[in-house]
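One structure is given below, encoded as structure tokens.
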Amino acid sequence: MNWEVRTIGRGSYGSSVMHDTVIGDGDWGIIETKLRPALKEVCDMIAAHLSANADEAWSALVVSIRPDGGDVTLVPSAGAYGWNRSRVIYSYTVELEQLEREYHDLPDADDDPHGFDQAHDEMMDRAGDAVFRALAEPLRRLREVRPFELWRTDYDDSESLRPWK
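Be aware that the sequence shown starts at 6, since it is given in our numbering, and climbs by one per residue.
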């Protein structure tokens, strides 16, 4: 995969570095197939960072799914409950163009709130299941480097933060 790496900010906690790539396919089976090597690369980048910074506090991996932009972001964190998107030092994002398309094709929330909620939940389940299955093997390998908890949040919202399977 082609990864764009950029520093997006600096603060008292250090530089924020983002690693981004895009999967443009529209079929969820193909998306999941392409997610596997992308997420393996993410876990390899995290493992390399941990090897170079062994003393860094890190005990949780937060996976954020943002359908409004099609983003699936993995963020190593000192702890899930202390996770704050504005204080992230390293993040790894795979943009799923199909997820963003599905989000923008949802029924209008004002005209059909029930239809919107149902279609939104199905879309989030579809995306979450594909990401979780694609992460299974890379997570096993990453846990050999350091044990950690896996957490999920939607829309980078700390209120939706929950342990993931």
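Beta carbons are placed, not taken as given, at the ideal position from N, Cα and C, and that holds for glycine.
Residue(s) in a DSSP beta bridge with residue i
i           : result
residue 101 : 28
residue 67  : 80 and 156
residue 143 : Per DSSP, none; premise fails for residue 143.
residue 168 : 156
Buried or exposed (CB count within 10 angstroms, at least 16 for buried), residue i
i           : result
residue 219 : What is shown of the chain runs 6 to 170, which leaves residue 219 out entirely.
residue 142 : exposed
residue 96  : buried
residue 81  : buried
residue 110 : exposed
residue 69  : buried
residue 164 : exposed
residue 161 : buried
Cα-Cα separation, residue i to residue j
i           : j           : result
residue 154 : residue 127 : 25 Å
residue 99  : residue 60  : 27 Å
residue 65  : residue 147 : 12 Å
residue 133 : residue 150 : 24 Å
residue 207 : residue 63  : Residue coverage of the chain in this structure runs from 6 to 170, which leaves residue 207 outside it and unanswerable.
residue 46  : residue 119 : 38 Å
residue 102 : residue 152 : 32 Å
residue 157 : residue 166 : 6 Å
residue 105 : residue 55  : 31 Å
residue 131 : residue 83  : 28 Å
residue 79  : residue 44  : 9 Å
residue 37  : residue 135 : 5 Å
residue 35  : residue 139 : 11 Å
residue 172 : residue 40  : What the structure shows of the chain is the stretch from 6 to 170, and residue 172 is not part of that stretch, so it cannot be assessed.
residue 145 : residue 137 : 12 Å
residue 108 : residue 58  : 38 Å
Segment contact, 8 Å Cβ cut-off, at least three pairs: the segment 113-121 with the segment 61-78: They do not touch, by the three-pair rule.
Check: How do the segment 27-42 and the segment 118-126 stand: do at least 3 beta-carbon pairs fall below 8 Å, yes or no?
Finding: no
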